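S.K.:
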Amino acid sequence: MNRPILQRARTEAEAALIERFDQGDRRLVGASDLRANAMRRFAEAGLPNRRVESWHYTDLRSAMRTAALVRAPETATLPMARECLKKPLAQTPAFRFVLFNGVFNAELSSEGALPDGVAMTTLSAALAAGDAEILDALRNAPDDGDAVVALNTALMQDGVVIRVAPGAKVERPLAILNLMSGGFGQAAFLRSILIVGAGASVMLDETTAVCAPDATQANEALMIVVGDGARVDYAAQVAEQGAHAVALHSLFVRMGAKATFNAFCLTPCAGLVRRQIFARLDGEHSAISLSGLSLLRGKEHADTTLVVDHAVPNCVSREFFRHILDHEATGVFQGKVVVRQHAQKTDGGMKSQALVLADDASMNNKPELEIFADDVVCGHGATVGQLDRNQIFYLQTRGLSRGEAESLLLEAFANEALDMVADETVRARYAEQATAWLAHRSRPTGEGK
Amino acid sequence: MLEVKNLHVSVGGRKILDGLDLTVKDGEVAAIMGPNGTGKSTLSYVVAGREDYQVEEGEVLLDGVNLLDMDATERANAGVFLAFQYPIEIPGVATMTFLKAALNAQARARGQGELQTPEFMRLVREAAQKLGVNQDMLKRPLNVGFSGGEKKRMEILQMALLQPKIGILDETDSGLDIDALRIVADGVNALRAKDRSFLVITHYQRLLDYIKPDTVHVMARGRIVRTGGPELAHELEKSGYAAFAGEAA
C-alpha cells in the first residue's frame, strides 16, 4: 500500500481514517487501485475546511474532530432495526433495500420478487467479481476532486447496485434505506449505484436514518446513470440522527439524451448535513430538476452544494431550494451551473429562498453561473428574508393568533417546495414531517431559544 | 357601538391623527370622506390593530371595551373586521384553507366549537355564490393572481363569513368597475343589521349611491371636520374638499 507522500499536520480524525485504510481492512473488498488512489487524494487534501472553496461555509475539519468507528453489523442490533422499521418514517409501499450498519441486509429488505425489469446485486459482490461496468462507473464519477468523495471511494463498505432494463416502466417505487443502529459513535461508508436503461422509468426513494440517534458519521454516495430517453424520479432525506451526527451525501448524476431526472431532498434533522450533487448532462434534449427543503433549528447545519454541468446543447436545468432557519441554525446553498462552450440553447434557472426566523440563525447563498456558450438563457435568484409582517397582520385581522399566522405562512412556504416531489406517497410523508417540525415550533417550549 | 375619542396617532414622529372623535352606533352605516393623506387609512389600521402606529392619546371603544389594549387577533375576535384597500397576497395558502382557519380561530376564541367540514363548505358556497366568487378562486392561493375586483369580493366574502360587529371598508371602491361595485355593495347591504355597523371610507360619492350611509363625516388633517347626513356627500361631490382643508387648522 502506498504511503502518502505529503505529510502535514493532521487532525485526529484524519489520522485515524488514513490509518484505518493503511492497516488494511479485509472487509474493503475489490477495487484496490481505485481505493488506494482515492485514499492518496484524501491524505493529501485532508478533511475539507474553510480554505477549500466549495466547503467554505461548512468546516468539516472542525466539525469532525474524531473519526467514528466502523463496526461489523452485530446480530444483536437486528431487533433494533426491526423496531426502527415500524416507525411511520420507514413505512413505504416501495420495494425496499436496507443497508444496515453499512452492509446490505436481505432480512430487513423487502421480500419476494423484484419488480419486473429490475436486477439487483450488492456493491461488495460487484467489486469482488470485478464487474467492469461498475468499476467504470466509479472511475467516471464527476466528483470535482472532492475529498469527501475520495474518502467514500477509499472506504466504501457496501451498497446496492440496481439495474433497470431498457424500456422497463417500473411501477412500484424502489427505496434504499441506509440505517445505522447508532447508540455510539458509529460510521458507515456506503456507495450505491442505479443504472437505468434507455427508455426505462423508475422512482427511487432514499432515506438515511439512525435507530438510536448519537454521534454517527455517515458518508454515503449514490450514482445514478439515466439512459437515453429514460426518466428517473428521486427523493432523498436524512432523518432521525443525533445532534452531534454528521451526514455526508454525494449524488452523481449522468444523463443521456432526451432523459429526465427529478430530485428532491428533504433535510429536517439534527447535526450536520452536507448534501452535494454533481450532475452532468451528456446527451441533448434532456431535463434535470433539483429541488429541496431544509428545516433547521437549534445549532443544526445543512449544506446543499450542487454542480450542474451542461456538457451538450439543448438541455434544461432547474434548481429550487428552500430553507427555514430557526434559533442558531445555519443553512448553506451553493449552486453552480456550468455551460460549456458548445452547449448552445441551454436553458438554466436556479432559485434559492430562505426564511430566517431568529437573529442568530444564518443563511449563506452562493449561486454561480459559468457560461462559455453565447446562445443560452440562464438565471439565478437568491432571497433571504423574514416572515412578511403585512401577511401576518392580514391573517391576524381575520382572527388567527400571531403563532397561527406564522405557522400557516411557514407551512405554505414549505408546501410550495414540497410540490416539487414527484411521487405522491413520498410527498405526503415529507409533508407530515414538515408539519410536525412546524408544530414543534409553535409549541410554547419551541419558541425562542 | 364604536367610539373613537380624542385619538392622536403618529408614524415615525409624524402626526397623522390629531384628536379624532367619531361615534358609530349599532346598525349605523357611517361614511368617512376626505382628500388624500388626511389619515383615513391610518384610522382603519389603528382600529384594526396594526402595530406600526404610535397611539399617543385617546381611546377606541367597541361596546365600551378599549380596543387599544388588544392585539389585532383579539380585536378581530371581538368583532372588528377590516376590508383592506389592498388585500394581501398569501402564496401557498389555498383560499379555502385560509377561510377555514379564520372561521375556526374565531369560533374557538368565542368558545364555540369548530365548524364541521360539510357545514363550513355549505356556508362558503352560499356566500361565494352571492358575491360571484367561483369555486376555482376558492382553490387558488389567497389573493394571488386575483384581479382587483376579485380581491375586493374576497374581502366581502370574508366579512360575510366572519359576521363582525363593525365592518371597516377601506376604499373598497378603488379599482372596481361599475358591475363589480354593485356586487360588492349588494354584499355589504345584505350584511346590514341592527347590531352591526359599518365604517365606509371612500374618496367618492359613487360608492355611497350603492351603500346608503346614515351619516357622512368629512375628515381633514387628522380629524373629523364636518358631520352630516347623506346630503353632505353630494355637497362634497360638487364643491370638492378644498373648503374643508382650512377647517381643521
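Chains as they are written, first to last, in my numbering: chain A, 109 to 557; chain B, 1141 to 1389.
For each residue, glycine too, the CB sits at the ideal point set by N, CA and C.
In this text, all values refer to a predicted model and were calculated from it rather than measured experimentally.
Quick one: is residue 372 of chain A near chain B, going by C-beta distance under 8 Å?
M.R.: In the first sequence, counting from the first residue as 1, residue 372 of chain A sits at position 264. Cβ-Cβ to chain B under 8 Å: no for residue 372 of chain A.
S.K.: Tell me whether residue 1260 of chain B sits in a helix, a strand or coil according to DSSP, three-state version.
M.R.: The sequence position of residue 1260 of chain B within the second sequence is 120, counting from 1. Looking at residue 1260 of chain B - three-state DSSP - the assignment turns out to be helix.
S.K.: Taking only beta carbons into account, state which residues of the segment 477-505 of chain A come closer than 7 Å to chain B, listed in chain order.
M.R.: Correct list: 498, 499, 501, 502, 504, 505.
S.K.: For residue 130 of chain A, which three-state DSSP category applies?
M.R.: Translated into the one-based positions of the first sequence, residue 130 of chain A becomes position 22. The answer is helix: DSSP assigns residue 130 of chain A an H, G or I state.
S.K.: Any C-beta of chain B sitting closer than 8 Å to the C-beta of residue 507 of chain A?
M.R.: Your numbering for residue 507 of chain A matches position 399 in the first sequence. Yes, because at least one Cβ of chain B sits closer than 8 Å to the Cβ of residue 507 of chain A.
S.K.: Is any beta-carbon of chain A found at less than 8 Å from that of residue 1257 of chain B?
M.R.: Here residue 1257 of chain B refers to the residue found at position 117 when the second sequence is read from its first residue. No, its Cβ sits nowhere closer than 8 Å to a Cβ of chain A.
S.K.: Which residues in chain B have a C-beta closer than 7 Å to the C-beta of residue 523 of chain A? List them in chain order.
M.R.: As a first step, residue 523 of chain A must be located in the first sequence, where it is residue number 415. Simply 1232.
S.K.: Pick from A:217, A:437, A:290: whose alpha carbon is nearest that of residue 184 of chain A?
M.R.: Here residue 184 of chain A is taken as the residue at index 76 of the first sequence, counted from 1. Checking every option, the nearest Cα to that of residue 184 of chain A belongs to A:290.
S.K.: Quick check: is the beta carbon of residue 1206 of chain B nearer than 8 Å to any beta carbon in chain A?
M.R.: Position 66 of the second sequence holds residue 1206 of chain B. Chain A contact via Cβ: absent.
S.K.: Would you please state the rounded distance, in angstroms, between the beta carbons of residue 1391 of chain B and residue 1327 of chain B? I believe it to be under 8 Å.
M.R.: No information on residue 1391 of chain B is available, as it lies outside the stretch 1141 to 1389 that chain B covers here.
S.K.: Could you give the uninterrupted runs of the beta strand (DSSP E) lying entirely in the segment 353-400 of chain A, keeping only those of 3 residues or more?
M.R.: Listed in chain order, they are 354-363, 368-375, 380-389.
S.K.: Taking the C-alpha atoms as reference points, what is the distance between residue 284 of chain A and residue 463 of chain A?
M.R.: Taking the first sequence and counting its residues from 1, one reaches residue 284 of chain A at position 176. Taking the first sequence and counting its residues from 1, one reaches residue 463 of chain A at position 355. In a straight line, the C-alpha of residue 284 of chain A is about 31 Å away from that of residue 463 of chain A.
S.K.: Give me the chain A residues within the contact set of residue 1228 of chain B, using Cβ-Cβ distance strictly less than 9 Å, ordered along the chain.
M.R.: Taking the first residue of the second sequence as position 1, residue 1228 of chain B is located at position 88. The contacting residues are 496, 498, 499, 501, 502, 503.
S.K.: Buried or exposed: which applies to residue 1274 of chain B, given that a residue is buried once 16 or more other Cβ atoms fall within 10 Å of its Cβ?
M.R.: Here residue 1274 of chain B refers to the residue found at position 134 when the second sequence is read from its first residue. Residue 1274 of chain B comes out exposed.
S.K.: Taking CB distances under 8 Å as the criterion, tell me whether residue 1366 of chain B reaches chain A.
M.R.: In the second sequence, residue 1366 of chain B corresponds to position 226, counting from 1. No, its Cβ sits nowhere closer than 8 Å to a Cβ of chain A.
S.K.: I'd like to know if residue 1363 of chain B contacts chain A, where contact means its C-beta is closer than 8 Å to some C-beta of that chain.
M.R.: Here residue 1363 of chain B refers to the residue found at position 223 when the second sequence is read from its first residue. With 8 Å as the cut-off, residue 1363 of chain B does not count as an interface residue toward chain A.
S.K.: Whose CA, out of A:193, A:503, A:382, lies closest to the CA of residue 169 of chain A?
M.R.: Here residue 169 of chain A refers to the residue found at position 61 of the first sequence. Looking at the Cα atoms, A:382 is the closest of the given residues.
S.K.: For residue 516 of chain A, which residues in chain B fall below 7 Å Cβ to Cβ?
M.R.: Here residue 516 of chain A refers to the residue found at position 408 when the first sequence is read from its first residue. Result: 1233, 1241.
S.K.: Hey, residue 173 of chain A and residue 127 of chain A: beta-carbon distance below 8 Å or not?
M.R.: Looking up residue 173 of chain A in the first sequence gives position 65. Looking up residue 127 of chain A in the first sequence gives position 19. It is not a contact, given that the beta carbons lie outside the stated cut-off.
S.K.: Beta carbons nearer than 9 Å to chain A: which residues of the segment 1178-1201 of chain B have them?
M.R.: Within the segment 1178-1201 of chain B, the qualifying residues are 1185, 1188, 1189, 1190, 1191, 1192.
S.K.: Can you tell me where the alpha helix (DSSP H) holding residue 1161 of chain B begins and where it ends?
M.R.: Position 21 of the second sequence, counting from 1, holds the residue named residue 1161 of chain B. Unbroken run through residue 1161 of chain B is the beta strand (DSSP E), 1154-1164; no alpha helix (DSSP H).
S.K.: Output the boundary residues of the beta strand (DSSP E) element that contains residue 560 of chain A.
M.R.: The structure shown does not extend to residue 560 of chain A, since chain A is modelled only from 109 to 557, so the question has no answer here.
S.K.: Looking only at its own chain, which residues have a Cβ that is under 6 Å from the Cβ of residue 303 of chain A, when we skip the five neighbours before and after it?
M.R.: Taking the first residue of the first sequence as 1, we reach residue 303 of chain A at position 195. Excluding residues within five positions, the ones whose Cβ falls inside 6 Å are 271, 333.
S.K.: How far does the alpha helix (DSSP H) with residue 494 of chain A in it reach, from first residue to last?
M.R.: Taking the first sequence and counting its residues from 1, the one referred to as residue 494 of chain A is at position 386. Where residue 494 of chain A is concerned, there is no enclosing alpha helix (DSSP H), given that its DSSP letter is neither H nor E.
S.K.: Go through the segment 296-344 of chain A residue by residue and report every complete run of the alpha helix (DSSP H) that reaches 4 residues or more, in order.
M.R.: List check, alpha helix (DSSP H) in window: nothing returned.
S.K.: How about the segment 449-465 of chain A and the segment 421-434 of chain A: do they share at least three Cβ pairs that are nearer than 8 Å?
M.R.: Yes, they touch.
S.K.: Mapping the DSSP letters down to three states, classify residue 205 of chain A as helix, strand or coil.
M.R.: As a working note, residue 205 of chain A is residue 97 in the first sequence. Strand.
S.K.: Going along the segment 1270-1301 of chain B in order, which residues come within less than 7 Å of chain A, judged by CB to CB distance?
M.R.: Cβ contacts with chain A: 1298.
S.K.: Distance check for residue 519 of chain A and residue 235 of chain A, CA to CA, integer angstroms please.
M.R.: Working through the first sequence from its first residue, we reach residue 235 of chain A at position 127. Working through the first sequence from its first residue, we reach residue 519 of chain A at position 411. Those two C-alpha atoms are separated by around 45 Å.
S.K.: Assign residue 1379 of chain B to buried or exposed, taking buried as 16 or more other Cβ atoms, counted over all protein chains shown, within 10 Å of its Cβ.
M.R.: Indexing the second sequence from 1 puts residue 1379 of chain B at position 239. Exposed, because fewer than 16 other Cβ atoms sit within 10 Å of the Cβ of residue 1379 of chain B.
S.K.: Applying a beta-carbon distance threshold of less than 8 Å, which residues of chain A neighbour residue 1325 of chain B?
M.R.: Counting from one through the second sequence, the residue named residue 1325 of chain B turns up at place 185. The contacting residues do not exist; residue 1325 of chain B stays about 22 Å from chain A at best.
S.K.: Flag this pair as touching only if the segment 354-369 of chain A and the segment 395-404 of chain A have three or more C-beta atom pairs under 8 Å; answer yes or no.
M.R.: Contact between the segment 354-369 of chain A and the segment 395-404 of chain A is present, because at least three Cβ pairs lie under 8 Å.
S.K.: So the alpha helix (DSSP H) residue 249 of chain A belongs to, where does it begin and stop?
M.R.: Numbered from its first residue, the first sequence carries residue 249 of chain A at position 141. Note, residue 249 of chain A: premise wrong, no alpha helix (DSSP H); not H, not E.
S.K.: Can residue 1174 of chain B and residue 1156 of chain B be called in contact, C-beta distance under 8 Å?
M.R.: The residue given as residue 1174 of chain B occupies position 34 in the second sequence. The residue given as residue 1156 of chain B occupies position 16 in the second sequence. No, Cβ-Cβ distance for residue 1174 of chain B and residue 1156 of chain B is not below 8 Å.
S.K.: Can you pull the chain B residues whose beta carbon is under 9 Å from the beta carbon of residue 426 of chain A, in chain order?
M.R.: Here the question's residue 426 of chain A lines up with position 318 in the first sequence. Per Cβ cutoff of 9 Å: no residues; residue 426 of chain A is ~18 Å from chain B at best.
S.K.: Less than 8 Å between the C-beta atoms of residue 1346 of chain B and residue 1324 of chain B, yes or no?
M.R.: Indexing the second sequence from 1 puts residue 1346 of chain B at position 206. Indexing the second sequence from 1 puts residue 1324 of chain B at position 184. No, the pair does not count as a contact, with Cβ atoms beyond the cut-off.
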